[in-house]
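> Below is one structure. I have some questions about it.
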Amino acid sequence: MAFKKVTHVLFDLDGLLIDSEVLYTQMFTAVCAKYNKEFTWELKKSLLGFQGHECAEKITKTLDIPLSIEEFMKLCQKECEVLFPKVQLMPGAKKLVEHLHSKGVPIALATSSSKESVDLKMKNFPEFLGLFQHLTMGSTDPEVTKGKPDPAIFLVCASRFPDKPKAEDCLVFEDAVNGMKAAINANMQVVVVPDPRIPAEDLKGATLVLKSLEEFKPEAFGLPSFD
C-alpha cells in the first residue's frame with residue numbers, strides 16, 4: 022500500500038518510543054490510592070496525549086480528589102522520580118529513529134510531556150534523544166497553548182525545522198487517539214501504534230495502524246528503505 026510521500030517525521034514519545042505508559046499508570050494509581058480512589062483504564066484512556074496539568078485537572082475532578090492541580094502534580098512528581106528512570110525503549114524505536122537520522126531525514130520529537138519529565142525519562146538514552154533535530158515539549162513550551170487533540174504541538178514542532186515544511190509533507194507517529202486527532206487536525210498523515218485495548222473504531226482516522234514500530238515500511242511514504 023502506498024501513501025502520500027513525506028519529507029519530515031514527527032514522533033510522539035510516551036507509549037510510542039518509550040514504554041512509559043505503564044509507569045504513568047503506576048504513578049496515577051499510587052497517588053489516587055492515597056485518597057481511596059481507583060485510577061481506571063477508562064479514565065486513563067481519556068488522558069492519553071494530554072499535558073500534565075490537563076491530566077491532573079481531569080483526574081482530580083473525575084475522582085473528586087481534594088487536591089489542587091499543583092498539589093496533585095507534586096505528588097505525581099515524587100512518584101516520577103522513582104519510576105521514570107527505569108523506562109525502556111519500545112520495540113523498533115531505536116532502529117527506526119537511527120535509520121531515519123542516518124539517511125538524513127529531518128526528525129523531531131513532539132511530546133505533551135514537560136522538559137523535566139523528558140529529562141527524567143530519557144536520562145539513560147541521551148544518544149537516542151540527540152538524534153532528533155529538535156524537541157517540542159508541550160507542557161513547558163510557551164508556544165504550545167493546548168494539549169492534543171489540538172494540533173498546536175505538531176504545527177509548532179514542524180515550524181521549527183529550518184526549511185519550514187508544509188503540514189502535508191510531515192508524517193506523525195503516535196500511540197494515542199488524542200494524538201492521532203491532533204495530527205489529523207494539523208493536516209498531517211499519521212501512523213498509530215496503539216495500546217491493544219483501544220477499539221479499532223476509535224482509530225478510523227489514522228493513515229496507518231500498526232501493532233509495533235517494527236512493522237513500519239519507510240518506503241511506503243517515500244522515505245529511504247531499510248538496507
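The sequence shown begins at 22 in the numbering used here and counts up one residue at a time. Every residue gets a Cβ at the ideal spot worked out from N, C-alpha and C, and that includes glycine. From a predicted model like this one, the values you see are computed outputs, not experimental measurements.
Note down, in chain order, each residue of its chain lying with its Cβ closer than 7 angstroms to the Cβ of Pro112, except the 5 sequence neighbours on either side.
Here residue 112 corresponds to residue number 91 of the sequence shown, with the count starting at 1. So the qualifying residues of the chain are Ser233, Leu234 and Glu235.
> Could you tell me the distance, in whole angstroms, from the CA atom of Ala197 to the CA atom of Ser134?
Against the sequence shown, residue 197 aligns to sequence position 176. Against the sequence shown, residue 134 aligns to sequence position 113. Answer to the nearest angstrom: the Cα atoms are 14 angstroms apart.
> According to the Cβ coordinates, are Glu100 and Met158 closer than 8 angstroms?
In the sequence shown, residue 100 corresponds to position 79, counting from 1. In the sequence shown, residue 158 corresponds to position 137, counting from 1. Against a cut-off of 8 angstroms, the Cβ pair of Met158 and Glu100 comes out as no contact.
> Write down the C-beta distance between Lys169 and Gly73 rounded to the nearest angstrom, noting that I regard them as a contact closer than 8 angstroms.
To locate residue 169, count along the sequence shown from 1; it is residue 148. To locate residue 73, count along the sequence shown from 1; it is residue 52. That pair is no contact at about 13 angstroms.
> Measuring CB to CB, does Val211 end up less than 8 angstroms from Ile205?
As a position in the sequence shown, residue 211 is number 190, starting the count at 1. As a position in the sequence shown, residue 205 is number 184, starting the count at 1. Yes; because the gap between Cβ atoms is below 8 angstroms, this pair is in contact.
> Do Phe105 and Lys142 count as a contact pair if the criterion is CB distance below 8 angstroms?
Counting from one through the sequence shown, the residue named residue 142 turns up at place 121. Counting from one through the sequence shown, the residue named residue 105 turns up at place 84. Contact flag set, yes.
> Determine the extent of the beta strand (DSSP E) in which Ile128 is found, giving its start and end residues.
To locate residue 128, count along the sequence shown from 1; it is residue 107. Element bounds for Ile128: Ile128 to Thr132.
> Helix or strand or just coil, what does DSSP make of Gln154?
To locate residue 154, count along the sequence shown from 1; it is residue 133. Gln154 falls in the coil class under three-state DSSP.
> Measuring straight from C-alpha to C-alpha, what distance separates Val118 and Lys238?
Residue 118 sits at position 97 when you count from the first residue of the sequence shown. Residue 238 sits at position 217 when you count from the first residue of the sequence shown. One C-alpha to the other measures close to 13 angstroms.
> Specify, as a first and last residue, the run of the alpha helix (DSSP H) that Phe175 falls within.
Residue numbering aside, residue 175 sits at position 154 when the sequence shown is read from its first letter. Phe175 -> alpha helix (DSSP H) spans Ala173 to Ser180.
> Taking all protein chains shown into account, do 16 or more other C-beta atoms lie within 10 angstroms of the C-beta of Asp162, making it buried, or fewer, making it exposed?
As a first step, residue 162 is located in the sequence shown; it is residue number 141 there, counting from the start. Its Cβ being crowded by 16 or more others within 10 Å, Asp162 is buried.
> Taking the C-alpha atoms as reference points, what is the distance between Leu44 and Val108?
What you label residue 44 is simply residue 23 of the sequence shown in a count that begins at 1. What you label residue 108 is simply residue 87 of the sequence shown in a count that begins at 1. Near 8 angstroms, if we compare the C-alpha coordinates of Val108 and Leu44.
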